[in-house]
Amino acid sequence: MEIEFPNGKNLRLLIGDITKIRVDAMVNAANSALAGGGGVDGAIHRAGGSAIMRDLDVIRQQQGGCPTGSAVATTAGSLPAQYVFHAVGPIYRDGRQGEAENLASCYSTCLKLAEERGARSVSFPSISTGAYGYPMEEAARIALRTIGEQLREQDAGVREVLLVLYDQGSYDVHSRAAQALFADRIK
Ligand code: APR
14 MEIEFPNGKN LRLLIGDITK IRVDAMVNAA NSALAGGGGV DGAIHRAGGS
64 AIMRDLDVIR QQQGGCPTGS AVATTAGSLP AQYVFHAVGP IYRDGRQGEA
114 ENLASCYSTC LKLAEERGAR SVSFPSISTG AYGYPMEEAA RIALRTIGEQ
164 LREQDAGVRE VLLVLYDQGS YDVHSRAAQA LFADRIK
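For the sequence shown, this note's numbering gives the first residue as 14, with consecutive numbering after it.
See the structure below:
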């Protein structure tokens, strides 16, 4: 599914493995310790190689870890990208611990990191909807709304955002949310 914005910018939803799709900046679903893990985190470190963890080791020495809702940038190693932005999504508890704000902040922070680096294309997984248990319908609305706001506001910078879903079910949830939010912009 492709959603067009007036300034020639696009948001695309697709099914796939995020580590296999060429972009300028690839977003990882990391943890606050920047320690690596399973899911997207495991796939990115496996495919990207040890250069990524070496960068994270430096960042960890400098600032400890990364707070929830924020992100840090590293090399992409052997991945088809220039950068990896390690975003730390919220662990979903009851929806009243600031989860929505922290999830939105992951998307907006990564798009700002992309703007700062002149990245033209950015890919996101569905942050927090795996091990961190965020209900996918709500997470999809937050992700799409936040990305849409950023694409509308920024004139320069990021031209294309890819939301890479890992399976048909996840894709269907996100495309339904996109229909509701962007009905008039869907190509
Ligand atoms: N490409 C795209 N999407 C993927 C991939 C992949 N290769 N692998 C998993 N996903 C999807 C999952 O299906 C889920 O919808 O990414 C979404 C996020 O799932 P997780 O990777 O579990 O991330 P998250 O829920 O944010 O939990 C983060 O898990 O792996 C650990 O170190 C990580 O502690 C952190 C926590």
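We put the CB at the ideal spot given by N, CA and C, even for glycine. Source: prediction; values computed, not measured.
So, using beta-carbon positions, are Ala60 and Thr88 closer together than 8 Å?
-> Translated into positions along the sequence shown, residue 60 becomes position 47. Translated into positions along the sequence shown, residue 88 becomes position 75. Cβ distance not < 8 Å, so Ala60 and Thr88 don't count as in contact.
Counting pairs of beta carbons, one from the region 100-107 and one from the region 134-148, are three or more of them closer than 8 Å?
-> yes
Neighbourhood of Arg35 by C-beta distance below 6 Å, restricted to the same chain and skipping five residues each side | Mapped onto the sequence shown, residue 35 falls at position 22. Pro93.
Leaving out five residues on either side along the sequence, give the residues of the same chain with a beta carbon under 8 Å from the beta carbon of Gly146.
-> On the sequence shown, position 133 is the one that residue 146 refers to. Excluding positions up to five away in sequence, the list reads Ile104 and Tyr105.
Report the option in Leu116, Ala169, Thr32 and Ala43 whose CA atom is closest to the CA atom of Ala156.
-> Translated into positions along the sequence shown, residue 156 becomes position 143. Answer by Cα proximity: Leu116.
Which runs of the beta strand (DSSP E), 3 residues or longer, sit entirely within the region 78-146?
-> 84-88, 96-101 and 134-137
Given 8 Å as the limit, is there contact between the region 161-169 and the region 124-131, that is, 3 or more CB pairs closer than that?
-> yes
Just curious, the beta strand (DSSP E) that Ile65 is in, first and last residue?
-> Here residue 65 corresponds to residue number 52 of the sequence shown, with the count starting at 1. Ile65 -> not in any beta strand (DSSP E); alpha helix (DSSP H) instead, spanning Ser63 to Gln76.
Sequence-distant residues of the same chain with beta carbon closer than 8 Å to Asp244, five excluded per side = The structure shown has nothing for residue 244, since the chain only spans 14 to 200.
Under a Cβ-count criterion, where at least 16 other Cβ atoms within 10 Å of its own Cβ denotes burial, should Glu112 be classed as buried or exposed?
-> Working through the sequence shown from its first residue, we reach residue 112 at position 99. Glu112 is buried by the Cβ-count criterion.
Residue range of the unbroken beta strand (DSSP E) whose run includes Val174 | Taking the first residue of the sequence shown as position 1, residue 174 is located at position 161. Taken as a continuous stretch (DSSP letters only), the beta strand (DSSP E) holding Val174 covers Glu173 to Leu178.
Find the nearest neighbour of Tyr96 within the set Arg109, His58 and Ser118, judged by alpha-carbon distance.
-> Counting from one through the sequence shown, the residue named residue 96 turns up at place 83. Ranking the options by Cα distance to Tyr96, first place goes to His58.
Ile16 by DSSP, collapsed to three states: which one?
-> Mapped onto the sequence shown, residue 16 falls at position 3. Strand.
Go ahead and label Asn44 buried or exposed: buried means 16 or more other beta carbons lie within 10 angstroms of its beta carbon, across all protein chains shown.
-> Start at 1 with the first residue of the sequence shown, and residue 44 comes out as number 31. Flag for Asn44 reads buried.
Sequence-distant residues of its chain with Cβ nearer than 6 Å to Leu175 (five each side left out) = Taking the sequence shown and counting its residues from 1, the one referred to as residue 175 is at position 162. Only Arg25 and Ser136 meet the Cβ criterion.
Report the residue from Gly49, Gly50 and Val171 whose alpha carbon sits nearest the alpha carbon of Arg133.
-> Locating residue 133 in the sequence shown gives position 120, where the first residue counts as 1. Minimum Cα distance to Arg133 is reached at Val171.
Counting only the same chain and skipping the five closest in sequence on each side, list residues whose C-beta sits under 6 Å from that of Thr142.
-> Stepping through the sequence shown from its first residue, residue 142 is reached at position 129. These residues qualify, in order along the chain: Met149 and Ala152.
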